[in-house]
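The structure under discussion appears below in the form of structure tokens.
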Amino acid sequence: MSMSLDEWIWQHEESFPSRTTDAKRLLESVLARLESENWFPHDIFGVHLALEEALVNAVKHGNKFDEAKRVHFIVRLSPEKLYVQVRDEGPGFKLEEVPDCTEDENLEKCSGRGIMLMKNFMTFVEYNDSGNMVTMEKARKRS
Amino acid sequence: MSGNRRLELSEVGDVTVVRFVDRKILDVTNIHELGKELFALVEEQNRKKLLLNFGTVEFLSSETLGELIKLEKKVKQHQGRLMLTNIKPEIYEVFAITRLNKLFDIRDEEAEALAAFSA
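Going down the list, the protein sequences come from chains A and B. Quick note, our numbering runs 653 ahead of the 1-based positions in the first sequence. Quick note, our numbering runs 127 ahead of the 1-based positions in the second sequence.
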């Protein structure tokens, strides 16, 4: 990570059982924090969408709603950007095997739409090699 | 219409106008329930002309898009027609990024869609 920790104005780490209620609580805490820092509504919308997709992927597709498995969540906020990491305990997936949802033949059947939305609304999105952890950043717009 | 918890229905001529109860179509259970209610309009109630008014919707996720794609297929299978209207700009962006604006018949306003249904 390029930033030293003392530049973060807010940090939170938590591991929670694979339940959508916990995912929702964490999501709402991040959005509330961005609102209190006066981020632009369109940026907050983008973070909301990307985080929703990442958390649903972890709880539903990664851990298959198995509450014995946990989702590991890290969020850090600086004056200029948001950093988020979501890791599940599932087998992961190969990013290159997810079909391109914008191809005409995939429009109706594609399952990679969530990842595509994350990439469009965040500044940086990266999966680890095994595909069970996503790291995302959103640079704050100032004007 | 009884039995619908996620949808509000009204009829304009032979067109069924659907509005969403939830401003944020989020929770996985809600999305599944929403899908079931939408599919029932086509498969059980045999409604041929569906207009989904997104005026109240402030947020949706790829799960919701998946349900809408299934609905579109079912409507086609039943020789019906589906139109989406009143989509807020940021929600439209979601349709555009995923290129689903090519799959769905999207109109700005309800009146425009109603006119197209009767044309």
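Glycine included, every Cβ here is placed at the ideal spot set by N, Cα and C.
Shorter than 8 Å from the beta carbon of residue 160 of chain B to some beta carbon of chain A? Cβ-Cβ to chain A under 8 Å: no for residue 160 of chain B.
Please determine if the segment 131-149 of chain B and the segment 744-753 of chain A are in contact, where contact requires at least 3 C-beta pairs separated by less than 8 Å. Result no; under three Cβ-Cβ pairs closer than 8 Å.
Please check the pair residue 213 of chain B and residue 237 of chain B, which I expect to be a contact at CB under 8 Å, by giving their CB distance rounded to whole angstroms. Right, the Cβ-Cβ distance comes to about 6 Å (below 8 Å), so this counts as a contact.
Could you give the distance in angstroms between the alpha-carbon of residue 707 of chain A and the alpha-carbon of residue 172 of chain B? Each residue's alpha carbon lies about 36 Å from the other.
Would you please state the rounded distance, in angstroms, between the beta carbons of residue 142 of chain B and residue 179 of chain B? I believe it to be under 8 Å. Not a contact, Cβ separation roughly 11 Å.
Taking Cβ positions only, does residue 214 of chain B come closer than 8 Å to chain A? Output row for residue 214 of chain B: interface = no.
Along the alpha helix (DSSP H) that carries residue 670 of chain A, what are the first and last residues, could you check? In the DSSP assignment, residue 670 of chain A falls outside any alpha helix (DSSP H) and lies within the beta strand (DSSP E) extending over 663-670.
Compare the C-beta of residue 183 of chain B with all C-beta atoms of chain A and state if any pair is closer than 8 Å. Judged by the 8 Å Cβ criterion, residue 183 of chain B is not in contact with chain A.
Contact check, residue 148 of chain B vs residue 202 of chain B, beta carbons under 8 Å: No, they are not a contact pair.
Report the rounded CA-to-CA distance for residue 780 of chain A versus residue 788 of chain A, giving the unit in angstroms. Between residue 780 of chain A and residue 788 of chain A, the C-alpha separation is close to 6 Å.
Under 8 Å: do the segment 729-740 of chain A and the segment 658-668 of chain A share three or more Cβ pairs, one atom per stretch? Cβ pair count under 8 Å is three or more, so yes.
May I have the straight-line CA-CA distance separating residue 769 of chain A from residue 673 of chain A, to the nearest angstrom? Straight across, the Cα-Cα distance linking residue 769 of chain A with residue 673 of chain A is about 21 Å.
Are the C-beta of residue 683 of chain A and some C-beta of chain B separated by less than 8 Å? Residue contact with chain B for residue 683 of chain A: absent (no Cβ-Cβ distance below 8 Å to any residue of chain B).
The beta strand (DSSP E) enclosing residue 738 of chain A, as first and last residue numbers: Counted as a single uninterrupted DSSP element, the beta strand (DSSP E) harbouring residue 738 of chain A occupies residues 734-740.
In the DSSP output, which residue or residues are listed as bridge partners for residue 180 of chain B? B:146, B:212, per the DSSP bridge assignment.
Beta-carbon neighbours of residue 192 of chain B, restricted to chain E and to distances below 7 Å: Annotation note: the requested chain E is absent from the structure, which comprises protein chains A and B.
Backbone secondary structure at residue 786 of chain A - three-state DSSP: Correct three-state label for residue 786 of chain A: strand.
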